[in-house]
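Undergrad: Following this message is one structure expressed as structure tokens.
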Amino acid sequence: MAESGNIGPGAFMALLQGARQLLGKMTGAVPIMVRPDREASPAAEVELLTPSRALRMIRLNISFAPLVGSMPPSCLDTPSMMSVPEKQFLFGLASRHYAGKGIIVDAGIFLGASTRCFGEGVRSNPRQEEILRKWPRPIVSYERAIVNPNMPLFFRKHGLTFSAAQDESFESELRRNIAPVKDLVDLRIGDFMDATDLGCPVEVLFLDILKAPGLSLRAFRLFYSKLIPGRSLVVHQDYFFEELPWIKTHHEALAAYFDFVGEIGSSAVFLCTKEIPQSVVDELENDMPPADQLRLASIAMHRSADPARRFFMALSKMRLIRKLQGRVAARAYLELIKTEFPEQVAQTDNKRLSHALRRAEAILVKKPRKQRQEGMRAAEQHVLSP
Numbered sequence: 166m167a168e169s170g171n172i173g174p175g176a177f178m179a180l181l182q183g184a185r186q187l188l189g190k191m192t193g194a195v196p197i198m199v200r201p202d203r204e205a206s207p208a209a210e211v212e213l214l215t216p217s218r219a220l221r222m223i224r225l226n227i228s229f230a231p232l233v234g235s236m237p238p239s240c241l242d243t244p245s246m247m248s249v250p251e252k253q254f255l256f257g258l259a260s261r262h263y264a265g266k267g268i269i270v271d272a273g274i275f276l277g278a279s280t281r282c283f284g285e286g287v288r289s290n291p292r293q294e295e296i297l298r299k300w301p302r303p304i305v306s307y308e309r310a311i312v313n314p315n316m317p318l319f320f321r322k323h324g325l326t327f328s329a330a331q332d333e334s335f336e337s338e339l340r341r342n343i344a345p346v347k348d349l350v351d352l353r354i355g356d357f358m359d360a361t362d363l364g365c366p367v368e369v370l371f372l373d374i375l376k377a378p379g380l381s382l383r384a385f386r387l388f389y390s391k392l393i394p395g396r397s398l399v400v401h402q403d404y405f406f407e408e409l410p411w412i413k414t415h416h417e418a419l420a421a422y423f424d425f426v427g428e429i430g431s432s433a434v435f436l437c438t439k440e441i442p443q444s445v446v447d448e449l450e451n452d453m454p455p456a457d458q459l460r461l462a463s464i465a466m467h468r469s470a471d472p473a474r475r476f477f478m479a480l481s482k483m484r485l486i487r488k489l490q491g492r493v494a495a496r497a498y499l500e501l502i503k504t505e506f507p508e509q510v511a512q513t514d515n516k517r518l519s520h521a522l523r524r525a526e527a528i529l530v531k532k533p534r535k536q537r538q539e540g541m542r543a544a545e546q547h548v549l550s551p
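Numbering follows the numbering used here, in which position 97 of the sequence shown is assigned residue number 262; successive positions increment by one, without gaps.
Listed below in structure tokens is the structure:
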């Protein structure tokens, strides 16, 4: 019998391999290799790019990890809710992964930061000429461009000289921000619920517009059947956000058509692996059986290897329980969350964690009818995710 603590090289490698396999099963990560000139194929395991600080972990398939690298300083010019690594990833997608087999859809661009990253990326793409011959404006961007209640505070916080009151348009500021790449962009301003079929394949799909269940279903029905198997990447920018539970249930209902590529910021990245029939997407509904919704929310919660992100996903599931089973059941689940994530609950100096918990507590307090109606109206205005 080997002495305690004395492990041979063979045993150590076996343990390491077992741990890697277990981690992959926990998060649903599937090894993928993507090259600009071919479809994805099985390859190496996921790569942890950064230390596992709360909410800062970058964990991507090793073949996609190099996309998070340097980018032009101009990509940082536009204020955004996205983290710098998320912007680097979007630039990397457009400059190194995008091959012009379809278009880039950028849905929910706010002041234009994501579109700017994609545009600068296409300009840096070695296949730019080939891409532009096929798609003169390869980036299709969607934005309502109407100031909601949270935006004036965001404008002031970031020291913007531009200002607009609630319900006014910020289209002029958006156009100013994306002006350097406007020749590459088909900008569509207006209510996304009125968006029409693009009629072409989608190679990169960036979704930051799913602020209400109806918007989520509309996006899925417009774009998911246009994804290219083995090539198209879907980036859900609000996937690891502690609210918006419908994003998780809608996408996980179609999990059979995707492989999970990884996590970066609040974004989850998925690779489409097989064609999605339009009929399947059309059957997707908000009122699927409650047991199915809760099961899908649990699957989503375990996508992340970051305990802080799983904490957020549990809070998102609590909101779903509040809707499906009522306040008492949601309160019981929140107490369970507190016992399962004691470190995250205890980090009162972490503003994101403490804010998320306070918001969760607040929705369990019974409000007068008028306040509930105001809250519903705010949700319909697609309030920004913090």
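No residue lacks a Cβ here, since even glycine has one placed at the ideal position from N, Cα and C.
All figures in this text were calculated on a predicted structure; none of them were measured in a lab.
According to DSSP, is A259 helix, strand or coil?
TA: helix
Undergrad: Does DSSP classify N604 as helix, strand or coil?
TA: The chain is shown only over 166 to 551; residue 604 falls outside these bounds and no answer can be derived.
Undergrad: Who pairs with A433 in a beta bridge, going by DSSP?
TA: H401, E428
Undergrad: Does the region 292–307 touch the region 266–281, meaning 3 or more C-beta pairs lie closer than 8 Å?
TA: yes
Undergrad: Kindly list the residues whose CB is nearer than 8 Å to the CB of H323, restricted to its own chain and excluding five residues on each side of it in sequence; keep chain order.
TA: Hits under 8 Å: P244.
Undergrad: How about the region 321–337 and the region 373–387: do they share at least three Cβ pairs that are nearer than 8 Å?
TA: A contact is defined here as three or more CB-CB pairs under 8 Å, and the region 321–337 fails this definition with respect to the region 373–387.
Undergrad: Cα separation between C437 and V346?
TA: Distance between the alpha carbons of C437 and V346: 28 Å.
Undergrad: Could you check the C-alpha separation between K531 and R492 for me, to the nearest Å?
TA: Spanning the two alpha carbons is a distance of roughly 9 Å.
Undergrad: Any idea if P442 is buried or exposed, counting beta-carbon neighbours within 10 angstroms, 16 or more meaning buried?
TA: exposed
Undergrad: Any chance the region 342–357 sits against the region 270–283, with 3 or more Cβ pairs inside 8 Å?
TA: yes
Undergrad: Does the beta-carbon distance from G142 to P237 come in below 8 Å?
TA: The shown model of the chain, from 166 to 551, leaves out residue 142, and the question about it has no answer.
Undergrad: Are the region 447–460 and the region 498–518 in contact at 8 Å, needing three or more beta carbon pairs?
TA: no
Undergrad: Taking 8 Å as the limit between beta carbons, can you name the residues of its chain near Q512, skipping five residues before and five after?
TA: The beta carbon of Q512 lies closer than 8 Å to those of A219, L518, S519 in the same chain, with the five residues before and after it left out.
Undergrad: With M466 and M478 assumed to form a contact (beta carbons below 8 Å), what rounded beta-carbon distance in angstroms separates them?
TA: 4 Å
Undergrad: In three-state terms, what does DSSP make of D202?
TA: With a pLDDT of 41 at D202, under the threshold of 50, the predicted position of this residue should be treated as unreliable, though the coordinate-derived value follows. D202: coil per DSSP, three-state reduction.
Undergrad: Please classify E448 as buried or exposed, where buried requires at least 16 neighbouring CB atoms within 10 angstroms.
TA: By the neighbour-count rule (16 or more Cβ atoms within 10 Å), E448 is not buried but exposed.
Undergrad: Report all residues from its chain with a CB closer than 7 Å to the CB of H401; omit the five preceding and five following residues, and keep chain order.
TA: L372, I412, H416, S432, A433
Undergrad: Suppose you measure from the CA of H262 to the CA of R298; what does that come to, to the nearest Å?
TA: 18 Å
Undergrad: Check each candidate in Y404, M316, P291, L409 and name the one with the smallest Cα separation from L276.
TA: M316
Undergrad: Measuring straight from C-alpha to C-alpha, what distance separates A527 and E500?
TA: One Cα belongs to A527, the other to E500, and the distance between them is close to 14 Å.
Undergrad: Can we count D351 as close to the ligand SAM, meaning its CB is less than 7 Å from some heavy atom?
TA: This structure simply doesn't include the ligand SAM, nor any ligand for that matter.
Undergrad: Applying the 10 Å Cβ sphere with the 16-neighbour rule, what's the burial state of C365?
TA: exposed
Undergrad: Can you name, in chain order, every residue of its own chain whose Cβ lies under 6 Å from the Cβ of M524, other than the five neighbours on each side?
TA: Looking at the sequence provided, one finds Arg at residue 524 rather than Met. No residues qualify anywhere along the chain.
Undergrad: Among R475, A494, D424, which residue has its Cα nearest to the Cα of A521?
TA: R475
Undergrad: Could you give the DSSP three-state label for L459: helix, strand or coil?
TA: helix
Undergrad: Quick one: Cα of M358 to Cα of L382, how far?
TA: 10 Å
Undergrad: Starting from the Cα of L529, find the closest Cα among E508, L398, V510, R487 and give me that residue.
TA: R487
Undergrad: Please report the distance separating the alpha-carbon of S397 from that of V367.
TA: 7 Å
Undergrad: Look up L187 in the DSSP assignment and say whether it is helix, strand or coil.
TA: In this prediction, L187 has a pLDDT of 40, which is less than 50 and means its spatial position is unreliable; what the coordinates show is noted afterwards. The answer is helix: DSSP assigns L187 an H, G or I state.
Undergrad: How many Å lie between D351 and V426 at the Cα?
TA: 28 Å
Undergrad: For the alpha helix (DSSP H) containing S306, name the first residue and the last one.
TA: Judged by DSSP secondary structure, S306 falls outside any alpha helix (DSSP H) and instead within the beta strand (DSSP E) spanning 304–308.
Undergrad: Go ahead and pull the three-state DSSP assignment for R298.
TA: helix
Undergrad: Helix or strand or just coil, what does DSSP make of V233?
TA: coil
Undergrad: Go to D447, then tell me how far its alpha helix (DSSP H) extends in each direction, as first and last residue.
TA: 443–447
Undergrad: Which class does V367 belong to by DSSP, given the choice of helix, strand or coil?
TA: DSSP places V367 in strand when its eight states are reduced to three.
Undergrad: My guess is that E285 and C240 are in contact by the Cβ rule of under 8 Å, so how many angstroms apart are they, rounded?
TA: 6 Å
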